[in-house]
Amino acid sequence: MYRIILLENEQILSSKEIEDYDETFRYINSLVKQLDKNKKIIVHEMRNEKWEKFGEWKLE
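This is the structure:
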């Protein structure tokens, strides 16, 4: 299970939980197209019954 969060200026714009690995990355890819200098994507993965950071995407 993955939790994908889209943030703008550290405020949550959207949050979605997805079980399928491939679907998770399709969703992340669609969000990457929305990124600008104030937005970032943070992904957490459920491991050992707790959320752990899996990755982060932002424009440099």
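Every number in the working numbering is 370 more than the matching position in the sequence shown, counting from 1. Quick reminder that beta carbons are idealized off the backbone N, C-alpha and C, glycines included. These numbers were taken from a predicted model, which means no experiment stands behind them.
- As computed with DSSP, residue 415 is found in a beta bridge with 372, 422.
- In this structure, the CA atom of residue 417 is about 10 Å from the CA atom of residue 423.
- For residue 387, the enclosing beta strand (DSSP E) begins and ends at 381-388.
- For residue 393, the three-state secondary structure derived from DSSP is helix.
- Nearest C-alpha to residue 379 among 395, 409, 415, 430: 409.
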